[in-house]
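Asks:
Numbering (my numbering), first residue to last: -11 to 447.
1) Assess, as a yes-or-no matter, whether the stretch 361 to 379 is touched by the stretch 331 to 338 under the definition of 3 or more beta carbon pairs within less than 8 Å.
2) Near residue 371, what residues of its chain come up, given a Cβ to Cβ distance below 7 Å and the 5 sequence neighbours on each side ignored?
3) Could you compute how far the alpha carbon of residue 270 sits from the alpha carbon of residue 382?
4) Less than 6 Å between C-beta atoms, sequence neighbours within five positions excluded: which residues of the same chain meet that for residue 67?
5) So if DSSP puts residue 449 in a beta bridge, which residue, or which two residues, is it bridged to?
6) When the Cα atoms are used, what is the spatial distance from residue 414 to residue 231?
7) Going by alpha carbons, who is nearest to residue 194 out of 110, 280, 105, 138?
8) Hey, could you find the ends of the beta strand (DSSP E) residue 312 is sitting in?
9) Should the stretch 247 to 263 be regarded as contacting the stretch 349 to 357, the criterion being three or more beta carbon pairs within less than 8 Å?
10) Helix, strand or coil for residue 126, going by three-state DSSP, please let me know.
11) Excluding the 5 residues preceding and the 5 following residue 395 in the sequence, name in chain order all residues of the same chain whose CB lies nearer than 8 Å to its CB.
12) Within 10 angstroms of the Cβ of residue 310, are there 16 or more other Cβ atoms? Answer buried if so, exposed if not.
13) Which first and last residues belong to the beta strand (DSSP E) in which residue 274 is found?
14) Contact between the stretch 274 to 284 and the stretch 305 to 323 is defined here as three or more beta-carbon pairs at a separation below 8 Å; is this criterion met?
15) Quick one: what's residue 448 bridged to in DSSP?
16) Would you grab the beta carbon distance between residue 147 and residue 120 for me? Rounded to a whole angstrom, and I think it's under 8 Å.
17) Nearest CA to the CA of residue 357: which residue from 347, 302, 74, 20?
18) Please name the residue in 241, 297, 278 whose C-alpha comes closest to that of residue 267.
19) Quick check: the Cα distance between residue 7 and residue 24, rounded to an integer number of angstroms?
20) Could you pull the start and end residues of the alpha helix (DSSP H) that residue 239 belongs to?
21) Are the Cβ atoms of residue 142 and residue 128 separated by less than 7 Å?
22) Mapping the DSSP letters down to three states, classify residue 425 as helix, strand or coil.
23) Within 10 angstroms of the Cβ of residue -8, are there 16 or more other Cβ atoms? Answer buried if so, exposed if not.
24) Scan the stretch 164 to 208 and note each continuous beta strand (DSSP E) run of 3 residues or more that stays entirely inside, going in chain order.
25) Using the Cα positions of residue 406 and residue 417, report the straight-line distance between them to the nearest angstrom.
26) Quick check on DSSP: helix, strand or coil for residue 6?
27) Which first and last residues belong to the alpha helix (DSSP H) in which residue 386 is found?
28) Cutting at 8 Å between CB atoms, please list the residues of its own chain near residue 80, excluding the five before and the five after it.
29) Between which two residues does the beta strand (DSSP E) harbouring residue 302 extend?
30) Using the three-state DSSP reduction, which class does residue 340 fall into: helix, strand or coil?
31) How about residue 101 and residue 16: are their beta carbons less than 7 Å apart?
32) Just verifying my parser: in three-state terms, what is the DSSP assignment at residue 258?
33) Which first and last residues belong to the alpha helix (DSSP H) in which residue 106 is found?
34) Give me the DSSP bridge partner(s) of residue 162.
35) Starting from residue 436 and walking both ways along the alpha helix (DSSP H), at which residues does that stretch end?
36) Return the chain-ordered list of same chain residues with a C-beta closer than 6 Å to the C-beta of residue 1, the five sequence neighbours on each side being excluded.
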């Protein structure tokens, strides 16, 4: 899924038990701005001589995001989440009812965690649970030089001889093999459904984060080629018809691989992209802002215009170093035309400038802005199924399906469908905004699973 920048949280960790008992559920509120706040929950459980600590962000439907470091000593609790650049340091009160401290993620925010709140649970009825009527195998695939494990995934195999092999490719932002988001595990649901229907399915975590942070969409495509090389060496998979299923940015990865590798014999995209990536980002900004109704139409128009100018400037840069200079100039030109009040309203301040330019000049974003799917889609010769949500506010399903049909070589087996009342996650939805994903109990519309299965069978 395309990147939506937000403060995320936290964790599972174990640490040495101390004399103080902080077992139980704790909760507090981060006041990020005068208007925006975020609830943080923490569940502490004793496990023998150690403690288990799980921290939730219930407002965002995130649970169990692991910390990278932690300590609990002399009434002081600290933890950090390196992948998010987040950390916390707090002291237990004398009465044992509060842990008062500071949460830091770029800025520092006061955070007091209190005992006694009820932990909110997530109902995800489609998530499958073992035992399964098929086998699961964890697989490690090393980089080309065999230096480290680059791809870690799960291969599910039906009891009978598989009808085909399907490789699942996640959307943007670091994703685990289940594409876990807000308590949903869409790739686990898809893999379970397809394997029960007789297909072998491989789903995998994105690259280790140190590698991922330096990687681009092209590198992700190289990763899929590496997966094909590895899986096709297995006798039980070598002769199987093989396809790629990509969600959002995963559709771009699938197109790159299929354009150059004849082993890809079919493609399924969910919320797939055929537009230039700048058009996708500007579409997101406009329609999500309009749906959330927090800004006036004039403010939305101005925000889109500012982003468009920055993207246009970035598009002119031939490398990331040149991009820094060009973006600095463009930012200054935009700021000079705004009043101080407008600069504040649209976030045109020095702090946001530094963070925005750093993000836009990152390897992934720089490559993404310059990416145009058209050239790759024109070289895809295999059957193609594109499924988009009618209410997808991240990728315009109608516009992109029209471009898929335009760019792909003609094939009677192609299908381009818009799923009614569905969002970017292909859930049944009301509005389609990203903050709605976690509120919906359904992980993916059952009809989408059936359409995918029947179309592959038809091949």
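Glycine residues also receive a C-beta, built at the ideal position from the N, C-alpha and C atoms. Keep in mind the model is a prediction, meaning the values are calculated, not measured.
Replies: With the given structure in hand:
1) no
2) What you label residue 371 is simply residue 383 of the chain shown in a count that begins at 1. 254, 399, 401, 402, 447, listed in sequence order.
3) Along the chain shown, one-based indexing puts residue 270 at 282. Along the chain shown, one-based indexing puts residue 382 at 394. Distance between the alpha carbons of residue 270 and residue 382 is about 9 Å.
4) Here residue 67 refers to the residue found at position 79 when the chain shown is read from its first residue. These residues qualify, in order along the chain: 55, 58, 76.
5) Residue 449 lies beyond the range of the chain shown here (-11 to 447); nothing can be said about it.
6) Taking the first residue of the chain shown as 1, we reach residue 414 at position 426. Taking the first residue of the chain shown as 1, we reach residue 231 at position 243. One C-alpha to the other measures close to 20 Å.
7) One-based indexing of the chain shown puts residue 194 at position 206. Across the set 110, 280, 105, 138, the C-alpha of 138 shows the shortest separation from the C-alpha of residue 194.
8) Locating residue 312 in the chain shown gives position 324, where the first residue counts as 1. Here residue 312 belongs to no beta strand (DSSP E); instead the alpha helix (DSSP H) covers 308 to 324.
9) no
10) As a working note, residue 126 is residue 138 in the chain shown. Here residue 126 sits in strand by DSSP.
11) Residue mapping note: residue 395 aligns to position 407 of the chain shown, counting from 1. Counting only Cβ-Cβ distances below 8 Å, and skipping sequence neighbours, we find 262, 361, 362, 365, 366.
12) Indexing the chain shown from 1 puts residue 310 at position 322. The residue is exposed, with fewer than 16 neighbouring Cβ atoms inside 10 Å.
13) Within the chain shown, residue 274 is the residue found at index 286, counting from 1. Counting along the chain, residue 274 falls outside any beta strand (DSSP E), though it belongs to the alpha helix (DSSP H) covering 265 to 280.
14) no
15) What the structure shows of the chain is the stretch from -11 to 447, and residue 448 is not part of that stretch, so it cannot be assessed.
16) As a position in the chain shown, residue 147 is number 159, starting the count at 1. As a position in the chain shown, residue 120 is number 132, starting the count at 1. The Cβ separation is near 10 Å, so there is no contact.
17) Position 369 of the chain shown, counted from the start, is the residue given in the question as residue 357. When only C-alpha atoms are compared, the closest one is 302.
18) Here the question's residue 267 lines up with position 279 in the chain shown. The residue with the shortest Cα to Cα distance from residue 267 is 297.
19) Taking the first residue of the chain shown as position 1, residue 7 is located at position 19. Taking the first residue of the chain shown as position 1, residue 24 is located at position 36. Note that residue 7 scores a pLDDT of 44, beneath 50, so its modelled location is shaky; the value from the coordinates is reported in the next line. About 37 Å.
20) Residue mapping note: residue 239 aligns to position 251 of the chain shown, counting from 1. 237 to 248 is the extent of the alpha helix (DSSP H) around residue 239.
21) Position 154 of the chain shown, counted from the start, is the residue given in the question as residue 142. Position 140 of the chain shown, counted from the start, is the residue given in the question as residue 128. Cβ distance not < 7 Å, so residue 142 and residue 128 don't count as in contact.
22) Taking the first residue of the chain shown as position 1, residue 425 is located at position 437. In the structure shown, residue 425 sits in coil (DSSP, three-state: anything other than H, G, I, E or B).
23) Taking the chain shown and counting its residues from 1, the one referred to as residue -8 is at position 4. Residue placement at residue -8 is poorly supported in this model, since its pLDDT is 39, which falls under 50; the coordinates are not used for a value here.
24) 188 to 192
25) Stepping through the chain shown from its first residue, residue 406 is reached at position 418. Stepping through the chain shown from its first residue, residue 417 is reached at position 429. Spanning the two alpha carbons is a distance of roughly 14 Å.
26) Within the chain shown, the letter at position 18 stands for residue 6. Annotation note: pLDDT 40 at residue 6 (below 50); position unreliable, coordinate value reported separately. DSSP, read as helix, strand or coil, puts residue 6 in coil.
27) For the purposes of this step, residue 386 is taken as residue 398 along the chain shown, with counting starting at 1. Start and end: 385 to 395.
28) In the chain shown, residue 80 corresponds to position 92, counting from 1. Within the same chain, residue 80 has close Cβ partners 8, 10, 63, 64, 65, 86, 87.
29) Position 314 of the chain shown holds residue 302. Bounds of any beta strand (DSSP E) do not take in residue 302; it lies within the alpha helix (DSSP H) bounded by 285 to 304.
30) The residue given as residue 340 occupies position 352 in the chain shown. Here residue 340 sits in helix by DSSP.
31) Against the chain shown, residue 101 aligns to sequence position 113. Against the chain shown, residue 16 aligns to sequence position 28. Between residue 101 and residue 16, the gap from beta carbon to beta carbon is short of 7 Å.
32) On the chain shown, residue 258 is found 270 positions in, with the first residue counted as 1. Note: residue 258 maps to strand in three-state DSSP.
33) Locating residue 106 in the chain shown gives position 118, where the first residue counts as 1. Note, residue 106: premise wrong, no alpha helix (DSSP H); not H, not E.
34) In the chain shown, counting from the first residue as 1, residue 162 sits at position 174. As computed with DSSP, residue 162 is found in no beta bridge at all.
35) Numbered from its first residue, the chain shown carries residue 436 at position 448. Start and end: 434 to 446.
36) Working through the chain shown from its first residue, we reach residue 1 at position 13. With a pLDDT of 31 at residue 1, under the threshold of 50, the modelled position of that residue is not reliable, and no figure is offered here.
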